[in-house]
Structures are given as C-alpha cells and as structure tokens.
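What follows is a short report on a single structure.
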Amino acid sequence: MIGAGCMHILRYLAKRHGYFFAAASVLTATAAFLPGRDHFARAQWALLYLLVVGLVAGLAGVRPALGAAGLAFLLWNFFFLPPHNTFAVHDSKDWLSLFVFLVVAVAMGTQTGRLREREAEALAREREMAMLNQFSARLVSDSSISDIAQLLMGEVAQITGARSAALLLADEEGNLQEHRSCADDAGELESSVLCIAQWAQAHSKGVGLPPITRRSDTDAAGWPISVDHVQAGASTHREDLFIPLQTIDRLEGILYVGQRSSGGPYRVSDVRPLVAVANQTAAFLERKRLQAASVQADALREADRLKSTLISSVSHELKTPIASITATIGNLAEQDVEWDKDKAAHELASVQEDLDRLNSSINALLDLARLESAAWEPRREWYDLADVVWAAHSRIPQKQRSRIQVSLPEALPMVFVDVTQMARALENLLANALIYGPPDSAVLLGASVEEGAFRVWVEDEGPGIRPEERERIFEKFYRGRSSSQSTPGTGLGLAVAREVIRFHGGRIWVEDVGPRGARFVISVPTEGTPGPL
Amino acid sequence: MSAPEKRPHVLVVDDEEQIRRALRSILTARGYDVALAASGAEAIECSLNRLPDLMILDVAMPEMTGIEVCRELRNWFEGPILMLSVISGDTDIVAALDTGADDYLTKPFSTSELLARIRALLRRTASRVTPPPTIHAGDLEIDIARRTVKRAGQEIELTRMEFDILSYLAQNADRVLTSRMILEKVWGPEYAEDAQTLRVHVSHLRKKIEPHPSSPRHILTETGVGFRFASSEPSD
Numbered sequence: 000m001i002g003a004g005c006m007h008i009l010r011y012l013a014k015r016h017g018y019f020f021a022a023a024s025v026l027t028a029t030a031a032f033l034p035g036r037d038h039f040a041r042a043q044w045a046l047l048y049l050l051v052v053g054l055v056a057g058l059a060g061v062r063p064a065l066g067a068a069g070l071a072f073l074l075w076n077f078f079f080l081p082p083h084n085t086f087a088v089h090d091s092k093d094w095l096s097l098f099v100f101l102v103v104a105v106a107m108g109t110q111t112g113r114l115r116e117r118e119a120e121a122l123a124r125e126r127e128m129a130m131l132n133q134f135s136a137r138l139v140s141d142s143s144i145s146d147i148a149q150l151l152m153g154e155v156a157q158i159t160g161a162r163s164a165a166l167l168l169a170d171e172e173g174n175l176q177e178h179r180s181c182a183d184d185a186g187e188l189e190s191s192v193l194c195i196a197q198w199a200q201a202h203s204k205g206v207g208l209p210p211i212t213r214r215s216d217t218d219a220a221g222w223p224i225s226v227d228h229v230q231a232g233a234s235t236h237r238e239d240l241f242i243p244l245q246t247i248d249r250l251e252g253i254l255y256v257g258q259r260s261s262g263g264p265y266r267v268s269d270v271r272p273l274v275a276v277a278n279q280t281a282a283f284l285e286r287k288r289l290q291a292a293s294v295q296a297d298a299l300r301e302a303d304r305l306k307s308t309l310i311s312s313v314s315h316e317l318k319t320p321i322a323s324i325t326a327t328i329g330n331l332a333e334q335d336v337e338w339d340k341d342k343a344a345h346e347l348a349s350v351q352e353d354l355d356r357l358n359s360s361i362n363a364l365l366d367l368a369r370l371e372s373a374a375w376e377p378r379r380e381w382y383d384l385a386d387v388v389w390a391a392h393s394r395i396p397q398k399q400r401s402r403i404q405v406s407l408p409e410a411l412p413m414v415f416v417d418v419t420q421m422a423r424a425l426e427n428l429l430a431n432a433l434i435y436g437p438p439d440s441a442v443l444l445g446a447s448v449e450e451g452a453f454r455v456w457v458e459d460e461g462p463g464i465r466p467e468e469r470e471r472i473f474e475k476f477y478r479g480r481s482s483s484q485s486t487p488g489t490g491l492g493l494a495v496a497r498e499v500i501r502f503h504g505g506r507i508w509v510e511d512v513g514p515r516g517a518r519f520v521i522s523v524p525t526e527g528t529p530g531p532l
Numbered sequence: 000m001s002a003p004e005k006r007p008h009v010l011v012v013d014d015e016e017q018i019r020r021a022l023r024s025i026l027t028a029r030g031y032d033v034a035l036a037a038s039g040a041e042a043i044e045c046s047l048n049r050l051p052d053l054m055i056l057d058v059a060m061p062e063m064t065g066i067e068v069c070r071e072l073r074n075w076f077e078g079p080i081l082m083l084s085v086i087s088g089d090t091d092i093v094a095a096l097d098t099g100a101d102d103y104l105t106k107p108f109s110t111s112e113l114l115a116r117i118r119a120l121l122r123r124t125a126s127r128v129t130p131p132p133t134i135h136a137g138d139l140e141i142d143i144a145r146r147t148v149k150r151a152g153q154e155i156e157l158t159r160m161e162f163d164i165l166s167y168l169a170q171n172a173d174r175v176l177t178s179r180m181i182l183e184k185v186w187g188p189e190y191a192e193d194a195q196t197l198r199v200h201v202s203h204l205r206k207k208i209e210p211h212p213s214s215p216r217h218i219l220t221e222t223g224v225g226f227r228f229a230s231s232e233p234s235d
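First to last, the sequence lines map onto chains A and B.
Per numbering that gives the first Met the number 0, the first sequence starts with residue 0, numbered consecutively.
Per numbering that gives the first Met the number 0, the second sequence starts with residue 0, numbered consecutively.
Listed below in structure tokens is the structure:
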C-alpha cells in the first residue's frame, strides 16, 4: 500500500514537474551511491546512473531524461572519476568512458522517454475517442439544441477544467445568442468575451488556439485557423479559447472556453478534443438547421397545394353564379321578347338564388382567411344558447329559411362561447343540409343540454355520409362523393365548423338517421354558470 | 303602395355608386322622393338645404365615416337614420347606434326587408307622441306607471332590473337598442361595458314573459349589437 502510494506521488511529480523530478532523482541517487564509492569500480557506478536516467525517462519523458543524463554525466565525473570531487579527468581512458556514458544515457533517455510519451498519448487518445463516441451517439439521437448545449458544457468542463464556458450560436440574423454557459460565478459573460466572440464569428476564425505543429495531416484537417487575442481586438494577452463551430458553408456559432482553473495556457493536446467536439456540434447544428428548413419547405408546399385547390374550387364557385346571373339578366334585357310578369319573376328568383350562393362563397373565403390568421382567436362570453341558434338561423337566406324546422326545449341555458364563430359553424351545417337534402325537404335544427355539455344538431333528408367518409368530410376542400361538380359549395364549411368547435374544446361528428339522411352533431362542454352579477 | 299626398323625402348617403343607384331605383319606384349624396360632407350639405324625412347612411365611407356623419347630424337632425354595414354585428354599427342612429341593415339586404324597416321608422316618427302609459304586445300588457306586467291577464313578478329593461325596450318598440344604451339607462353609465350581465338578465326576463323562452317573440336579439322589442308578431 505504502509502495503504491509512493509510486503514485512519484508519477504525479514526474508528470507535473519533470525537470525537478529528474534533478531530484539523480541527486538522491548520488547521495545514496556516495557512501559505497570505494566498493565498486567507477564503470559500475556509471551503470547505476544509467538505471536512474532510464527511470526518469520512463516516468517523466524525453526532456527531463536528457536533463537527468546531463546531470548524471557531471556528477559521475565529479564524484566517481579520480581525482574525486573535481571535474578534472586524469586517465585518458576515462574520457572515452565519459563520452560513451553520455551517448548511452542520452540515447536511452530519448528512447525510453519517447516510448513513455507515446504510451501516454495513446491512452489520452483512447479516452478522447471514448468521449467523442459517447458525445456523437448523443448527437445522433434526436436531442434538442439545449440538451446538446448542456451536454457540451459538461464535456468541456471535464476535458479542460475550465473556469467558465459558453455556447454562442448565430441566430437567423447572424447575431450571437448565448445558449448555455457554465461559470463559477454563474454571472453573465464579460463584454470583452462577447467582443472577441463577435470578431471570431465575423472572421470565421478561432482565437487563442495554440498553433499546431508536428502533427499528422489527419489532425490538421479539422483544426481551425486561429489568431492571437490581441489580433482579435483584445487589449491584453488572455488565456481563453474561442473555437469556431464551422461547417462547410456556414459558421454555426462559437464555443467559448474560459481560462483553466489551474492557470496556464492550453496545449494542443488539451484543445484537440475540444476541436473535435466543436466540429461534431457544428455538424449537429447544421443538421438541425437543415431539418427545420425542410419542415418549413414542406409547410410551404402544403400551403401552395391548398392555395391552388382554393383557386380552382373558388373560381368555380364564384364564376358559376356570375355566369348564370349574366345570362338571365341578359335574357330579360332582350327587347325582342315580351316577358310576362310571372315568367320574369321566376327568372329573377333564380338570380336571387345565385346571388345568395355568391354571398355564401365569399363568406366562406373570408372565414378561411380568418382561420389562417390569428384573427380567429375566439372571444368567449356568456350567451343565451337560444340566441346562438337563432343567430345562425337568421343568417340563412330568407327563402331557404322556411325549410328549417327549429325544435328547441322550452328554455336553454347560458353558454360560454364566441357567438360569431359558433353561429358561423351552425350556419355552415344548416347551409350544407339545405344543399344536400332534396329540394323542399325539411331540415331539422335542434339543441339540448346534458350533464356538462350542450349539443346542437342539424338533420337532413339527403343521401347520408358513407362511413369511410365521415372523417374526411371535415377536411378542407374535401367534397363528399355524393356531391357533383354542380353541387354548390367551396368545401370549406365543415372545415371551418370543425375548427370553431375545436377552439371551444368540443366535438363535431356525423351520424346516420333512418331511413335516410345525415345528422351533424356538435357537443361543447359547458363551464359552470355566469359569475356573480 | 299608392303615392301619398306628401312624398317622404329620403336622403341616401353611400360612397358606392352601385348602391346609390340601386337604392334610388327601389325607393323612387315606391313613391319616395330620393336625394343622393356620395360623401358625409355632401350629406350634411344636402340635408341643410332640404331636411330629409329619413336618412340611409353607409357606415364605411372614406374621409368622413358614417359614425362621424351621424354624430354631426344628431346635433340638429331629429329624423330617423338607418345605417348600412357590410359585416353583421360590426362594432361600427354599434357605435353608430350609440351615437343616435335608429336602425341598421347588413349588406346584402333584401328589398322587402329594407322597405319594411323604412316604413317602421317613418311610422314611428309620424306617431311621435308621448308613449302610452300602457303598452300592449301580443298577450303582454306593460303598465309603465304602475310598474306591472300582465301576461294573458295574469300578473308576472319581475325584479326591478327586469322591469326597467322591459319597459325601456317596450317604449322603443321595433327599434334596436344597443347593449350600452340599455346598460346606461338601467344600471348607470359606469356599467356600460357589461353586456354579459345584460344578457343574463334578459335570459331570466324571457323565461318569465315569453311563451317559449328559447324561441322569443317579444325580446329579439340582434347578435353583437343589442336587443329589439317586437310590438307585433314577426313576419317570418
């Protein structure tokens, strides 16, 4: 246990303070050797010194080992080559020994040290790889930007032990927005940090990264071009890092890493994993951005499709009555025909019908425009349910109104609705029923109140709705199979009704009524009664 | 309609030429004496030259809106004003009625409806005398002075608010009263915005006086605007 503890301390010293460790090792060895100076030949002491140099090389690396070799060379000469305690050498054979010792010590120190450094590097690389693998696995899973920012901050803290770090992302206008930061004082980033980050973003360069030297091409590939802090507009030399999150065609943002808590500049080996993480994050951000853009493009395509359907549907709905009116009026205006009064009145009644149709198409269009803007937010208040039902009823053109049979219970409660919208939804149901029912057939409009909800329904004597169409008929521009090109309607009425009912937290559906016909039912939850008055 | 001895003079104010043309043709055919104005300023000019018996005023006009014209006119013009609007329950319509317009129609309107409204408005001004102390409507009998209401001879108990609403509406039969007007009259100016409270009271009132409260005959709702008391059974 104690041995292991000592070894640990030795390793720590060797790693952090290599030259000190080298000097201390050689001096301690010398102190240990001196008492036995006369028991062995001087050449044997040389071998022992070589052992010490090898130890230093193995623990502390090449440069401390070279220092140890030099020191051992001097001390061996000073203490063990006669005359003792001087650097003078009498025997010319000793000159040769000295020379050989130096060469062997340097060679051994270099080789052993390199081996040790390679091993340490391999270990570090392995750790980096593991960390990067983990990080990229998280990036591939569908995380949000803020999740990733949090993860990234954790990694940065672990890799570098930085005092603070922040992820600064470019928004749509290209301004940097702080997405996530971790800092000792949890305060805001200093303005100087933001200044440099902005410079880095504007120039697509890193700031404060150590220059890369003696690295293989694979390392250099992802390494950002970096400049000094002062070149980036800082007033003094600093020790923090600004790593650009660069993809091929865009700078996604800046990864800011504050100075390390132990002080001192970042080395290449510290920054390399940061650069790798930054590059992966940039790729992730680019993917997110492209994804969002593609969703937007899909929405635009859908809007385009709707628009073209709208234009074809609406132009038909607007042009047909206009054509019919033009023809009828033109006919009546002809001088060559004597129009008797009844005949003329009949012609004019059809003009009236066309005009009603035109008016309802225009209303449907206005509804659609409102539906797609925020203007269609419901303004709910307490209304007498009877008033809502009658408001819808009164909007049906007078001629058609007589076909509607209203059957309401004696009294109806107050309900919390947007009266304009609700009346529009009911009006659309009524208008549909009047169109799809056979001419002069009755349309039934009813309402009831049950536990926690009110219901209004509209019943017609039309062909009914096939079960497979009962959902689709509520979609925009969907026209039921039983409707032909000549059946008036924009295909918007039910879509508007469904939207209104949805706003009110209710349900709308269609069911069969025997022997033939459809019943459209809306059910909207009621919320208590009007407050104190 | 046979031409009356003195043909009523109607001033039509609308910036749309088609509407002016249509209204002139409808009204002159029914024996009205029609003048046209294309703007608010022109309307005021015309009515100063010759006082109309009734004015038809479009709400949405450039420069001077119908509401502004109405407010201006009400300084000296006492005749009935019928407003025209494109959107039903339009806030502009409510504002116009609040500044003193008597009734409104939503475009597109039917000729028969327009003529019915005009006749009702002219009838009311012709008989502009102190309203009778007792108002009869269907089987309803409202005694304003004694503050009692009878339905088919049976006395009905109303709260003070309910009676005030009913008597105010009945004294202005066939005329649209905005929620604000009723609230100011019955509750006081500080309650002018509380249309919701008014609707709740009207709902209670209907349960007491209407034969079928869910299909009212007497107190009709003008959605988004206010209420109207129907003196006779509705025609449709």
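Backbone N, C-alpha and C fix where the C-beta goes; we use that ideal spot for every residue, glycine too.
Can you list, in chain order, the residues of its chain with a C-beta nearer than 6 Å to that of A/D355? Leave out the 5 residues immediately preceding and following it. The residue labelled residue 355 of chain A in the question sits at position 356 within the first sequence. Once the five neighbours on either side are set aside, the close Cβ partners of A/D355 are P396.
So A/E474 contacts chain B; which residues on that side make the cut at Cβ distance below 9 Å? Walking along the first sequence from the start, residue 474 of chain A turns up at place 475. Going along chain B, no residue has its Cβ under 9 Å from A/E474, so there is no contact; the nearest lies around 28 Å.
Hey, B/L113 and B/L121 are a contact pair by Cβ (cut 8 Å); roughly how many whole angstroms apart? Within the second sequence, the letter at position 114 stands for residue 113 of chain B. Within the second sequence, the letter at position 122 stands for residue 121 of chain B. B/L113 to B/L121, Cβ: 13 Å. No contact.
Helix, strand or coil for A/Y382, going by three-state DSSP, please let me know. Here residue 382 of chain A is taken as the residue at index 383 of the first sequence, counted from 1. Strand, per DSSP.
Counting C-beta neighbours from all protein chains within 10 Å, is the total for A/E467 16 or more, i.e. buried, or is it exposed? Mapped onto the first sequence, residue 467 of chain A falls at position 468. When all chains shown are included, A/E467 counts as exposed.
Looking at the C-beta of B/G223, does it have a partner C-beta in chain A at a distance below 8 Å? Position 224 of the second sequence, counted from the first residue, corresponds to residue 223 of chain B. Closer than 8 Å: yes.
Between the beta-carbon of A/V192 and the beta-carbon of A/A199, is there less than 8 Å? For the purposes of this step, residue 192 of chain A is taken as the residue at position 193 of the first sequence. For the purposes of this step, residue 199 of chain A is taken as the residue at position 200 of the first sequence. With respect to the 8 Å criterion, A/V192 and A/A199 are not classified as neighbours on the basis of their beta carbons.
Quick one, which of A/E346, A/A156, A/E376 and A/A148 has its alpha-carbon nearest A/L284's? Taking the first residue of the first sequence as position 1, residue 284 of chain A is located at position 285. Residue A/A148 holds the alpha-carbon nearest to the alpha-carbon of A/L284 among A/E346, A/A156, A/E376 and A/A148.
Along chain A, which residues have their Cβ under 9 Å away from the Cβ of B/R198? Indexing the second sequence from 1 puts residue 198 of chain B at position 199. Here the neighbours are E380, W381, Y382, D383, D386, M413 and P529.
Name the chain B residues that come within less than 8 Å of A/V442, Cβ to Cβ? The count along the first sequence starts at 1 and reaches residue 442 of chain A at position 443. Neighbours of A/V442 on chain B: none; closest Cβ ~16 Å, over 8 Å.
Distance, Cα to Cα, B/H8 vs B/R70? By one-based count along the second sequence, residue 8 of chain B stands at place 9. By one-based count along the second sequence, residue 70 of chain B stands at place 71. Answer to the nearest angstrom: the Cα atoms are 21 Å apart.
Please report how far the alpha carbon of B/G39 lies from the alpha carbon of B/M63, in whole angstroms. The sequence position of residue 39 of chain B within the second sequence is 40, counting from 1. The sequence position of residue 63 of chain B within the second sequence is 64, counting from 1. Using only the alpha carbons, I get a separation of about 5 Å.
Label A/Y11 either buried or exposed according to how many other C-beta atoms from any shown protein chain fall within 10 Å of its C-beta, with 16 as the threshold for buried. Taking the first sequence and counting its residues from 1, the one referred to as residue 11 of chain A is at position 12. Exposed, because fewer than 16 other Cβ atoms sit within 10 Å of the Cβ of A/Y11.
Starting from the Cα of A/E251, find the closest Cα among A/L33, A/R469, A/I328 and A/L167 and give me that residue. Stepping through the first sequence from its first residue, residue 251 of chain A is reached at position 252. Closest option to A/E251, Cα to Cα, is A/L167.
B/I134 to A/R423 span [Cα, whole Å]: The count along the second sequence starts at 1 and reaches residue 134 of chain B at position 135. The count along the first sequence starts at 1 and reaches residue 423 of chain A at position 424. Answer to the nearest angstrom: the Cα atoms are 36 Å apart.
With distances taken between CB atoms, is the gap from A/L46 to A/F20 smaller than 8 Å? In the first sequence, the residue the question calls residue 46 of chain A occupies position 47. In the first sequence, the residue the question calls residue 20 of chain A occupies position 21. No, these two residues do not count as a Cβ contact at 8 Å.
Taking a contact to mean a Cβ-Cβ separation below 8 Å, would you say A/A68 touches A/S24 in this structure? To locate residue 68 of chain A, count along the first sequence from 1; it is residue 69. To locate residue 24 of chain A, count along the first sequence from 1; it is residue 25. Cβ distance not < 8 Å, so A/A68 and A/S24 don't count as in contact.
Buried or exposed for A/H315, please, with buried defined as at least 16 other CB atoms from any protein chain shown within 10 angstroms of its CB. Here residue 315 of chain A is taken as the residue at index 316 of the first sequence, counted from 1. When all chains shown are included, A/H315 counts as exposed.
Straight-line Cα distance separating A/L289 from A/F134: Translated into positions along the first sequence, residue 134 of chain A becomes position 135. Translated into positions along the first sequence, residue 289 of chain A becomes position 290. C-alpha separation (whole angstroms): 21 Å.
Go ahead and pull the three-state DSSP assignment for A/E177. Taking the first residue of the first sequence as position 1, residue 177 of chain A is located at position 178. Three-state DSSP puts A/E177 in a strand.
Please report whether the beta-carbon of A/N427 lies at a distance below 8 Å from any beta-carbon of chain B. On the first sequence, position 428 is the one that residue 427 of chain A refers to. So, not an interface residue.
Can you pull out the residues from the region 192 to 220 of chain B whose beta carbon lies closer than 8 Å to at least one beta carbon of chain A? A194, Q195, T196, R198, V199, H200, V201, S202, R205, K206, H211, P212, S213, S214, P215 and T220
Any Cβ of chain B within less than 8 Å of the Cβ of A/E376? Position 377 of the first sequence, counting from 1, holds the residue named residue 376 of chain A. No, no contact with chain B.
Residues in the same chain with beta-carbon distance under 6 Å from B/A194, minus the five sequence neighbours each way, listed in chain order, please. Translated into the one-based positions of the second sequence, residue 194 of chain B becomes position 195. Cβ within range, chain order: S178.
Does DSSP classify B/G225 as helix, strand or coil? One-based indexing of the second sequence puts residue 225 of chain B at position 226. In this structure, B/G225 counts as strand in the three-state DSSP scheme.
As a quick exercise: from B/T27, B/R123 and B/F162, pick the residue whose alpha carbon is nearest that of B/D142. Here residue 142 of chain B refers to the residue found at position 143 of the second sequence. Comparing Cα-Cα distances from B/D142 to each of B/T27, B/R123 and B/F162, the minimum goes to B/F162.
Restricting to Cα atoms, I'd like to know which of A/T489, A/R465 and A/L493 is closest to A/F473. The count along the first sequence starts at 1 and reaches residue 473 of chain A at position 474. Among A/T489, A/R465 and A/L493, the Cα nearest to that of A/F473 is on A/L493.
At least one CB of chain B closer than 8 Å to the CB of A/W389: is that the case? Mapped onto the first sequence, residue 389 of chain A falls at position 390. True, the Cβ-Cβ gap to chain B drops below 8 Å.
Helix, strand or coil: which one does DSSP assign to A/C5? Here residue 5 of chain A corresponds to residue number 6 of the first sequence, with the count starting at 1. In the structure shown, A/C5 sits in a helix (DSSP, three-state: H, G or I).
Would DSSP call A/P320 helix, strand or coil? Along the first sequence, one-based indexing puts residue 320 of chain A at 321. A/P320 falls in the helix class under three-state DSSP.
Please report the residue range of the beta strand (DSSP E) in which B/Q153 lies. As a working note, residue 153 of chain B is residue 154 in the second sequence. Q153 to I155 is the span of the beta strand (DSSP E), which, as asked, contains B/Q153.
Given a cut-off of 8 Å on the beta-carbon distance, is the pair B/L72 and B/S111 in contact? The residue you call residue 72 of chain B lines up with position 73 of the second sequence. The residue you call residue 111 of chain B lines up with position 112 of the second sequence. Cβ distance not < 8 Å, so B/L72 and B/S111 don't count as in contact.
Does the region 382 to 400 of chain A touch the region 211 to 221 of chain B, meaning 3 or more C-beta pairs lie closer than 8 Å? yes
Pair every Cβ in the region 157 to 174 of chain A with every Cβ in the region 257 to 276 of chain A, then say whether three or more of these pairs are closer than 8 Å. yes
Grab me the residues of A/G445's own chain with a C-beta within less than 6 Å of its C-beta, minus the 5 sequence neighbours each way, in chain order. Working through the first sequence from its first residue, we reach residue 445 of chain A at position 446. Excluding positions up to five away in sequence, the list reads S406 and W456.
Which bits of chain A does B/P107 rub up against, with CB to CB less than 8 Å? Numbered from 1 along the second sequence, position 108 holds the residue referred to as residue 107 of chain B. Residues of chain A passing the Cβ test: L354 and N358.
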